[in-house]
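Peer 1:
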Amino acid sequence: MTDMVTPNDSFRMQDVALGVECALPAGYAARRVARRSSRSRLTGVLLVLCVAAGLWQFGQGLYIHAKARLAQYLIADAWHKTLSGQRAVKPWPWADTWPVAFIHAHASGEKLYVLAGADGRAIAFGPGHLHGTPLPGMPGNSVIAGHRDTHFAFLRDLKRGDELTVQRTDGVLSRYRVSEMTVVDKSRVQLTRSNGPTRLTLVTCWPFDALRAGGPERYVVTAIAAASTMPVDGQSAE
C-alpha cells in the first residue's frame with residue numbers, strides 16, 4: 009500500500025530539509041541584508057570620493073597649465089614693450105621680476121625669456137639672471153639659472169659647438185657657442201667670476217632624472233660669445 013503524504017507531512021519535510029536555516033538565530037537574514045546594504049553604501053561613498061579626488065587633481069592640472077600659458081603670454085608682451093624702449097616692464101602688476109633677455113637654442117628650437125633674478129619666484133616662470141653678474145649679451149660672465157625639469161630641461165641635450173642666440177633689451181643679438189658641460193658642487197663660487205671671455209653660464213640641478221630637486225650638484229653649460237649684430241629697432245628675435 010502506497011504511503012500518502014499529507015500537507016502537514018510536507019511542511020514537516022520542509023522543516024527537516026531547511027534545518028540549517030531554521031537553526032540560525034532569529035533575524036539573521038535581516039541583519040545580513042543590512043550589512044550588505046551598509047557595505048554597498050560605503051563602497052559607493054568611497055567611489056564618489058575617488059572620482060571627486062580625480063576630478064580635483066585634473067582641475068588643478070588644467071589650472072596650472074593655463075596659468076603657465078598665461079604667464080608666458082604676459083612675459084612675451086612685456087618683452088615686446090621692452091624692445092620698444094620701456095624699461096623693467098613687469099609682466100603683471102604684482103610681479104617682482106621682468107624680462108631682461110631672450111635666448112634661442114638653435115639645436116633644440118627652445119626659445120626662452122630670461123627674467124630678472126634667480127630666486128624661486130622668478131624661475132617658476134622662466135630662467136632667471138643672477139643679480140651681480142653681467143646681463144646676457146654684455147661683456148663678462150652672465151649666469152642664468154633654471155629648473156632642470158621645465159625651462160632648462162633642454163640643457164641635457166646641448167653639445168659642444170651648439171649655437172645660442174641672445175637678444176638684449178636694446179635689440180642687439182649676440183651669438184654664443186657651447187664650449188663645455190660640467191657637473192660641479194653647488195658651493196663652487198667660481199661659477200660667478202667675470203674674468204675670462206664673454207660667456208653665458210647656464211646652471212640647473214643635477215641629475216636631470218632625480219626624484220627630488222635641490223641636491224648638492226649642479227649641471228653647468230658654458231657658451232662663449234662669437235659675434236653680435238643689430239636687428240631692426242624694436243624687432244624681436246623670436
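For what it's worth, the numbering used here labels the leading residue of the sequence shown as 9, then goes sequentially.
Every residue, glycine too, gets a C-beta built ideally from N, C-alpha and C.
Starting from R164 and walking both ways along the alpha helix (DSSP H), at which residues does that stretch end?
Peer 2: It is not in any alpha helix (DSSP H) - R164 carries neither H nor E in the DSSP assignment.
Peer 1: Given a cut-off of 8 Å, decide if P147 and T230 are closer than it, judged by their beta-carbon atoms.
Peer 2: no
Peer 1: Measure the CB-CB distance between V151 and G134 and report whether it falls below 8 Å.
Peer 2: With contacts defined by Cβ atoms closer than 8 Å, V151 and G134 do not form a contacting pair.
Peer 1: What is the residue span of the beta strand (DSSP E) that A130 lies within?
Peer 2: No beta strand (DSSP E) holds A130; the alpha helix (DSSP H) holding it covers G128 to I131.
Peer 1: Exposed or buried, which one is Q68 when buried takes at least 16 other CB atoms within 10 Å?
Peer 2: In this predicted model, Q68 has a pLDDT of only 49, less than 50, meaning its place in the structure is not dependable; the value taken from the coordinates is given anyway. That one is exposed.
Peer 1: Could you tell me which residues DSSP pairs with K119 in its beta bridges?
Peer 2: DSSP output for K119 lists H112 as bridge partner(s).
Peer 1: Please list, in chain order, all residues of the same chain as S116 whose beta carbon is under 7 Å from its beta carbon, the five residues on each side excluded.
Peer 2: The answer, listed in chain order, is F162 and D165.
Peer 1: Cutting at 6 Å between CB atoms, please list the residues of its own chain near S202, excluding the five before and the five after it.
Peer 2: G148 and N149
Peer 1: Under three-state DSSP, which class holds V191?
Peer 2: The answer is strand: DSSP assigns V191 an E or B state.
Peer 1: Can you name, in chain order, every residue of its own chain whose Cβ lies under 8 Å from the Cβ of L78, other than the five neighbours on each side?
Peer 2: Counting only residues of its own chain and dropping the five nearest sequence neighbours on each side, L78 has no CB closer than 8 Å to any other CB.
Peer 1: Using C-beta distances below 7 Å, list every residue in its chain close to T234, excluding the 5 sequence neighbours before and after it, in chain order.
Peer 2: For the record, residue 234 in the displayed sequence is Ala; it is not Thr. Excluding residues within five positions, the ones whose Cβ falls inside 7 Å are R183, Y184 and R185.
Peer 1: For G136, list the residues DSSP reports as bridge partners.
Peer 2: L123 and A153
Peer 1: DSSP puts E246 in a beta bridge; with which residues?
Peer 2: According to DSSP, which records beta bridges pairwise, E246 is partnered with nothing at all.
Peer 1: Would V180 pass as a contact of T209 if the rule is Cβ separation under 8 Å?
Peer 2: no
Peer 1: Could you give the C-beta distance for R159 and L120, rounded to a whole number, given that I count them as a contact under 8 Å?
Peer 2: Note that residue 159 is His in the sequence shown, not Arg. With 8 Å as the limit, H159 and L120 qualify as a contact, their Cβ atoms being about 6 Å apart.
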